[in-house]
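Here UniProt numbering is used: position 90 in the sequence shown is 90, and no number is missing along the way.
Ideal Cβ positions, reconstructed from N, Cα and C, are used throughout, including at glycine.
As the structure is a prediction and not an experimental result, all values here were calculated from the model.
Report on the following structure.
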Amino acid sequence: MSDIVVAKRYAKALFEVAKEKNIISQVEDELKSVASAIRDNADLQKFLNHPNIGTSTKTGLLKQIFEGKVSEPVWNTLLVLIDKGRQSILNALVGEFTKVANEALGQATAVVYSAAHLSDAQQAEVASQFSKITGKTIRVTNAVEPKLLGGIQVRIGDRLYDGSLSGKLDRLSKALV
Numbered sequence: 001m002s003d004i005v006v007a008k009r010y011a012k013a014l015f016e017v018a019k020e021k022n023i024i025s026q027v028e029d030e031l032k033s034v035a036s037a038i039r040d041n042a043d044l045q046k047f048l049n050h051p052n053i054g055t056s057t058k059t060g061l062l063k064q065i066f067e068g069k070v071s072e073p074v075w076n077t078l079l080v081l082i083d084k085g086r087q088s089i090l091n092a093l094v095g096e097f098t099k100v101a102n103e104a105l106g107q108a109t110a111v112v113y114s115a116a117h118l119s120d121a122q123q124a125e126v127a128s129q130f131s132k133i134t135g136k137t138i139r140v141t142n143a144v145e146p147k148l149l150g151g152i153q154v155r156i157g158d159r160l161y162d163g164s165l166s167g168k169l170d171r172l173s174k175a176l177v
């Protein structure tokens, strides 16, 4: 079974538990923090993915790092991933959990690419405008891309809305050729 299919199953199960306990946002934040902590530590990644290190040793280390700092559903998910040898799907699990949570809560995540960092007011305006377009509550994440020259690109799911200066120049160039 592909990692993405497995990640979807784990994400759906974790979402159901989080929904039952009314801690969906907390679980999402904790998952992102745990995945980021593991991703940012190459030695920890090697340790967790090493085939000759037993699951009890791996869970012992995770216990020292994360136990008491994350909710029970996230902690139990980490234990199951280690026990089943599926720790490599953690990043995919985070993405799938976010998708499931957004869909169930009528939300969408918009990654807004801009030449410079957007202020909170600008991000709120982007969220407001795209909320009208999508009919969903928009959560904005800003990513700075200096090559855009000006304007913004907004990615919501698989759709890209390009209002950047570089995008306009590309379209103009193609129209002239």
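Burial state of glutamine 123, where buried means 16 or more other Cβ atoms lie within 10 Å: Classification for glutamine 123: buried.
Does the distance from the CB of glutamine 153 to the CB of glycine 167 come in under 8 Å? Taking a C-beta distance under 8 Å as the contact criterion, glutamine 153 and glycine 167 qualify as a contact pair.
In three-state terms, what does DSSP make of valine 140? Residue state, collapsed to three classes: strand.
Which one of Val74, Gly85, Trp75 has the shortest CA to CA distance from glycine 54? The shortest C-alpha separation from glycine 54 is found at Gly85.
With a Cβ-Cβ cutoff of 8 Å, do valine 94 and alanine 37 count as a contact? With respect to alanine 37, valine 94 sits apart: the two C-beta atoms are not nearer than 8 Å.
Do alanine 11 and phenylalanine 97 have their beta-carbon atoms positioned less than 8 Å apart in this structure? Contact: yes.
Say whether the segment 102-120 touches the segment 71-89, bearing in mind that this needs 3 or more beta-carbon pairs closer than 8 Å, one atom from each stretch. Too few Cβ pairs lie closer than 8 Å, so no.
Same chain, Cβ closer than 8 Å to leucine 160, five either side skipped, listed in chain order: These residues qualify, in order along the chain: Gln153, Val154.
Report the rounded CA-to-CA distance for alanine 110 versus leucine 61, giving the unit in angstroms. Rounded to whole angstroms, the gap between the alpha carbons of alanine 110 and leucine 61 is 35 Å.
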